[in-house]
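Order-wise, the sequence lines are chains A and B. Numbers given in our numbering equal positions in the first sequence, counted from 1, plus 6. Numbers given in our numbering equal positions in the second sequence, counted from 1, plus 2. Comments concern the structure below.
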Amino acid sequence: MKARGSNLPPLSLHVPEPRFRPGDTVDYADFEIPIAGAQSRPDINAIPRDIAGHAYGMIRVLDGEGRAVGPWNPNLDPATLRNMLREMVLLRAFDDRFFRAQRQGKTSFYMKSTGEEATSIGAAHALHDDDMCFPSYRQQGLLIARGYPLIEMMCQIYNNSGDKLKGRQLPVMYSSREKSFFSLSGNLATQYPQAVGWAMASAIKGDTRIAAAWCGEGSTAEGDFHSALTFASVYRAATVFNIINNQWAISSFSGFAGAESTTFAARAIGYGIAGLRIDGNDILAVYAATQWAAERARAGHGPTLIEHFTYRAEGHSTSDDPSRYRAAEERTKWPLGDPIVRLKHHLEALGEWDEERHVALEKECVALIRDNAREAEARGVLGDGLRHHSFDTMFEDVFETMPHHLQEQRDQMIAEREAAGLKP
Amino acid sequence: MTSMTMLQAINSALDVMMARDPNVVVLGEDVGYFGGVFKATQGLQAKYGKTRVFDTPINEGGIIGVAVGMAAYGLRPVPEIQFADYIYPAFDQLVSEAARLRYRSAGQFTAPMTVRSPMGGGIFGGQTHSQSPEGIFTHVSGLKTVIPSTPYDAKGLLIASIEDNDPVIFLEPKRIYNGPFDGHYDRPVVPWSKHPASEVPDDYYTVPLGKAAVTRPGTDLTIVTYGTMVHVVTAFAEENGIDAEIIDVRTLVPLDIETIAASVEKTGRCMIVHEATRTGGFGAELSAEIQERCFYALEAPVARVTGWDTPYPHALEWAYFPGPVRLGQACKKLMEA
Chain A
7 MKARGSNLPP LSLHVPEPRF RPGDTVDYAD FEIPIAGAQS RPDINAIPRD
57 IAGHAYGMIR VLDGEGRAVG PWNPNLDPAT LRNMLREMVL LRAFDDRFFR
107 AQRQGKTSFY MKSTGEEATS IGAAHALHDD DMCFPSYRQQ GLLIARGYPL
157 IEMMCQIYNN SGDKLKGRQL PVMYSSREKS FFSLSGNLAT QYPQAVGWAM
207 ASAIKGDTRI AAAWCGEGST AEGDFHSALT FASVYRAATV FNIINNQWAI
257 SSFSGFAGAE STTFAARAIG YGIAGLRIDG NDILAVYAAT QWAAERARAG
307 HGPTLIEHFT YRAEGHSTSD DPSRYRAAEE RTKWPLGDPI VRLKHHLEAL
357 GEWDEERHVA LEKECVALIR DNAREAEARG VLGDGLRHHS FDTMFEDVFE
407 TMPHHLQEQR DQMIAEREAA GLKP
Chain B
3 MTSMTMLQAI NSALDVMMAR DPNVVVLGED VGYFGGVFKA TQGLQAKYGK
53 TRVFDTPINE GGIIGVAVGM AAYGLRPVPE IQFADYIYPA FDQLVSEAAR
103 LRYRSAGQFT APMTVRSPMG GGIFGGQTHS QSPEGIFTHV SGLKTVIPST
153 PYDAKGLLIA SIEDNDPVIF LEPKRIYNGP FDGHYDRPVV PWSKHPASEV
203 PDDYYTVPLG KAAVTRPGTD LTIVTYGTMV HVVTAFAEEN GIDAEIIDVR
253 TLVPLDIETI AASVEKTGRC MIVHEATRTG GFGAELSAEI QERCFYALEA
303 PVARVTGWDT PYPHALEWAY FPGPVRLGQA CKKLMEA
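Written as structure tokens, this is what we have:
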């Protein structure tokens, strides 16, 4: 007896492969840069199905000549634009400094947001200061834009005596209740359903604040992402979902999250959620899309999913070497440019900025980071064994009040260290 | 005082807390209009409205994920997971998120929430409606795990759990929802109304977390157990004339080891009984603690009577369940040693 199908061609497994690997010549000639200003700006109460095209196209405001064009132009005043530019430059200087600090052995780990600065700085300006942010690990720009003290971020990175999180969290896993910046998990996309729950609570209490969440394109594959979109759709939760599509999840290109077959913004369509795909290196597009989504959420029209199309210009973290898995030229040839350079050109085109002022700004930011970093280092760096929180604090905050078994274990640790002649 | 079943007592606890605290919300599959598949939330939506008691998508990870967000906002969510067997998709949100939020944010954000879920076997529920997963949660730092055994305790412990500022896994032994169980599956069900602990105050009261109960004083041996098995071992002791001291753990974490150790010091013999599988189960932790604290008082090795290390077998349930036959064998060995 012949097995069924034995005369049919064999199946083959498709395993995605990125276009360029180390040593390949990078050529984006076939990348069609969407025309700035071409996308319409629907009303904030638009029905998701009617604006499905916005999930496949790309909203762009800044054109090749540094002009802001089209219906999504938020018409921000020059002072605001300069503020945004300053925050992006400051963020880049911060990232550079702390990447080096890790290399110098002052901390265990760091993650840069280089090339993606617009996605967090632009969003922070469009949201209200008390809207609750549920970030992933590359949204340090939110804290900078909301004026969180730089030194607090640095003390967290050094896990020193000034660290508000008591040395418990990996560097960059910030938390700031006063800046409405939710505690970072480190597990991926867990913050997505939490943002929905927060927004549902806000609605249950008749509050006006909304929630915003961030994750990478790779994390959209997580179950929590889909749980969040389902719940947000069902309860019309006032949530702005951001997918930072920076093309790479450590060494896995976006194809392993489904990018070969569709856009990430299009994930929204099946859930009946508004989906916008935007140029994430265009801070005016980020601002305008976030503002649209926030207004939509606040007016009770439900959540929006925004895909920020951008490029992770550096490695995933201090723990990987991107030259081992992708072509170095990708960064320099990225067809949508660099977000800082693009905003700078725009301000120059407006006659509101020039090279001299830009160089001065960069110097000012580097100096500001340096001065703060010195102050932070005076309070200890990771592993210097001197200026972290005392060992017994590790038993605090597991519960509101310390139960019997943790008291016993704390006492045991202290006794063991004393018996071994170690400091408490 | 009213004579209540455990289900009615749980419903009463939710009612009392929803009336007292506008931040208490109830969510879960079928908990709204329908009142839950076991009717634990019956009448609550009609009384407190759809924004405080509502149905959810069939997505346990989402239920717990949104509950964490609600708790971080300042609510006190009481999510129901329809069966404890369904809780695993929510495991990451419980273990990595709810349990650690206070710690990782150094107290900036907390997750006061009580996850209610029916657990345990003895109802012909097969392998997806019978499990006892408490040991998975007791292994997690930052979670409290509570298992009541009577209507009185169920209400008082549930109120205490909802008021607690940390996440609580509240597992309800569904075999005893409507009446205590003596372990004889072939005998008629006895209603709660015959049991003194079915007399439940109508209003607010608490049974504190972290306190075990000595439900039967005795001198022959100490039996440490919780949930459905409290009633099974009580009937076993009575029927066999064994003067057992029975301890209902009630709160597994934080554990009231002092009450347990004091009893074992007195009796010198200890049997641990739970429905859950044996290897790595909570009985192993109890056994280790007792051995570490009471070694020189022990007359015999600590005995464990537990479910077998197999999935829960549907038709073979009563060979799996640690009933009177297995208790008798273990007790004989323990007393003869």
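Note that the Cβ used here is the ideal one computed from N, Cα and C, for glycine as well.
- Phe297/B has a beta carbon lying at 9 Å or more from every beta carbon in chain A.
- Using a Cβ-Cβ distance cut-off of 8 Å, the stretch 230-246 of chain B and the stretch 280-290 of chain B are not in contact, since fewer than three pairs of beta carbons, one from each stretch, lie closer than that value.
- Separation of the CB atoms of Ala280/A and Ile57/A is rounded to 6 Å, and the pair is thereby assigned contact status at 8 Å.
- Around the CB of Leu17/A, fewer than 16 other CB atoms lie within 10 Å, so the residue is classed as exposed.
- The continuous beta strand (DSSP E) containing Ala278/B extends over residues Cys272 to Thr279.
- Separation of the CB atoms of Val202/B and Pro153/B is rounded to 5 Å, and the pair is thereby assigned contact status at 8 Å.
- In the DSSP assignment, Val209/B falls outside any alpha helix (DSSP H) and carries neither an H nor an E.
- Gly59/A is classed as exposed because its beta carbon has fewer than 16 other beta carbons within 10 Å across all chains shown.
- Taking 9 Å as the threshold, the shortest C-beta distance from Phe139/B to chain A does not fall below it.
- Contact between the stretch 346-358 of chain A and the stretch 297-317 of chain A is absent, with fewer than three C-beta pairs closer than 8 Å.
- The C-alpha of Ala263/A is placed about 18 Å away from the C-alpha of Gly286/A.
- Neighbours of Val240/A across chain B, judged by C-beta separation under 7 Å: Pro59.
- The C-beta separation of Leu159/B from Leu96/B comes to about 19 Å, leaving the pair out of contact by the 8 Å criterion.
- The beta carbons of Thr236/A and Pro59/B sit closer together than 9 Å.
- Non-local C-beta neighbours of Gln145/A in its own chain, meaning closer than 6 Å and more than five positions away in sequence, comprise Ser126 and Trp220, ordered along the chain.
- Looking only at Glu71/A, Ile150/A, Ser114/A and Asn165/A, the smallest Cα-Cα distance to Phe397/A is reached by Asn165/A.
- For Leu257/B, the residues of chain A that pass the 7 Å Cβ criterion are His411, in the order they occur in the chain.
- Taking a contact as a CB-CB distance under 8 Å, the pair Ala73/B and Pro24/B does not count as one, their CB atoms being some 15 Å apart.
- Taking the Cβ atoms as the reference, His276/B lies roughly 20 Å from Phe126/B, outside the contact range of under 8 Å.
- Positions of the alpha helix (DSSP H) runs, each at least 4 residues long and wholly inside the stretch 135-197 of chain B, are given as 136-140 and 153-165 in order along the chain.
- Residue-level contact by beta carbon holds for Gln110/B and chain A, with a gap shorter than 9 Å.
- Not flagged as an interface residue toward chain B: Pro54/A, since no C-beta distance is shorter than 9 Å.
- His131/A is classed as buried because its beta carbon has at least 16 other beta carbons within 10 Å across all chains shown.
- Among the residues of chain B, those whose CB is under 9 Å from the CB of Ser208/A are Tyr75, following chain order.
- Gln200/A belongs to the set of residues whose beta carbon lies under 9 Å from a beta carbon in chain B.
- In this structure, Gly71/B places its C-beta atom within 9 Å of the C-beta atom of Met206/A.
- Contact annotation for Asp168/B against chain A: Phe405 and Glu406 [CB-CB distance below 8 Å, chain order].
- Pairing Leu257/B with Ala305/B gives a Cβ-Cβ distance that is not under 9 Å.
- Rounded to whole angstroms, the separation of the alpha carbons of Ser191/A and Arg416/A is 25 Å.
- For the pair Met19/B and Gln110/B, the Cα-to-Cα distance works out to about 25 Å.
- Within the model, the alpha-carbon separation for Tyr88/B versus Pro177/A is close to 35 Å.
- Lys49/B is outside the set of residues whose beta carbon lies under 9 Å from a beta carbon in chain A.
- Contact check for Leu133/A against Lys185/A fails: the beta carbons are separated by 9 Å or more.
- Closest in alpha carbon position to Ala92/B, among Ser189/A, Thr338/A, Ser233/A and Gly111/A, is Ser233/A.
- Shown here is that no member of the stretch 299-315 of chain A has a Cβ falling below 8 Å from a Cβ of chain B.
- Taking Glu82/B as the centre and dropping the five residues before and after it, the same chain places the C-beta of Gly30, Val33 and Arg118 closer than 6 Å to its C-beta, in chain order.
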